[in-house]
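First up is the structure itself, then whatever we jot down about it.
Numbering (my numbering), first residue to last: 38 to 272.
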């Protein structure tokens, strides 16, 4: 466990600031899965809390250095962790469904900011995807697409002017956060501290500009609320 923790810290230190991937929907889904698994591994190995932020922006426009433009076609992912191992927010208020802004001064970025081109977050809960049956994922457990305000939010970068706000209201594009605790458990939606989810899900399709490709290249990534383990499902 000590070796794993040291390796994780070294990875954080040497990782580049941003990685951009432009490829098919399979590569994108694997990258998203990797971000979730990295966050869970770090939380368990370092006895701390981590959060994975998902933000979808307008893929037809270049990423701005001033402010992000919500939309469709480019998925941005950021993983952060609590510096001191505590949850850094009021659990009592969170259990009362009060949204929690994570203080930047108490966070450290894990790895690099990831940008996935030509992909779009969709709601696939009404259909079967591979071995994942239809209608078993609750609407409130759709990562970034749940109605209402996300339980958590944080800004990127962690210092200076904010370019992305992960969490909060989804607005024009997908926007959400998943937390992993020191036991590896995952939560996302408002009120889930008191009522943990069985499974969370993010599904993606290929996109051309801001338009999703409705062909069968849909992939769903499910995250177990109890264990934090991830599973990819394909048609």
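We treat Cβ as the ideally placed atom computed from N, Cα and C, and that holds for glycine. What you are looking at is a predicted structure, and each value in this text was computed from that prediction instead of being measured.
Proximity winner among the options, relative to residue i (alpha-carbon distances)
i           : options            : result
residue 241 : 111, 147, 82       : 111
residue 254 : 138, 266, 156      : 156
residue 78  : 231, 198, 100, 118 : 118
residue 146 : 130, 62, 226, 80   : 80
residue 91  : 161, 196, 195, 204 : 204
residue 250 : 158, 82, 94, 151   : 158
residue 65  : 247, 151, 109, 224 : 151
residue 181 : 225, 217, 99, 260  : 225
residue 87  : 230, 231, 259, 221 : 221
residue 149 : 116, 142, 94       : 116
residue 213 : 231, 93, 141       : 93
Residue i burial status per 10 Å Cβ neighbour count (16 or more: buried)
i           : result
residue 176 : exposed
residue 121 : exposed
residue 211 : buried
residue 173 : exposed
residue 187 : buried
residue 264 : exposed
residue 39  : Its pLDDT being 46, under 50, residue 39 is placed unreliably by the model, and the measurement read from it follows with that caveat. Residue 39 should be labelled exposed.
residue 286 : Only positions 38 to 272 of the chain appear in this structure, which leaves residue 286 out of reach.
residue 272 : exposed
residue 43  : Residue confidence is low: residue 43 scores 44 on pLDDT, short of 50, so the model does not pin down where it sits. Its coordinate-derived value is still stated next. Under this definition residue 43 is an exposed residue.
residue 123 : exposed
residue 113 : buried
residue 161 : buried
residue 51  : Low local confidence applies: a pLDDT of 38 at residue 51 is under 50, so the model's placement there is unreliable, and no value is given.
residue 171 : exposed
residue 163 : exposed
Check whether residue i and residue j have beta carbons under 8 Å apart
i           : j           : result
residue 72  : residue 89  : yes
residue 178 : residue 238 : yes
residue 75  : residue 267 : no
residue 257 : residue 169 : yes
residue 233 : residue 262 : yes
residue 274 : residue 189 : Because the chain in this structure spans residues 38 to 272, residue 274 falls outside the shown range and cannot be described.
residue 166 : residue 215 : no
residue 269 : residue 191 : no
residue 199 : residue 97  : no
residue 153 : residue 68  : yes
residue 143 : residue 125 : yes
In DSSP terms, what residue i is bridged to
i           : result
residue 86  : Answer is none; residue 86 lacks a bridge partner.
residue 214 : 90
residue 200 : For residue 200, which the question treats as bridged, DSSP gives no partner whatsoever.
residue 268 : 259
residue 138 : 190
residue 119 : 144
residue 236 : 261
residue 206 : 186
residue 224 : 216
residue 158 : 241
Residue-chain proximity (residue i, chain D), Cβ-Cβ < 8 Å
i           : result
residue 234 : The structure shown contains no chain D; it is built from a single protein chain.
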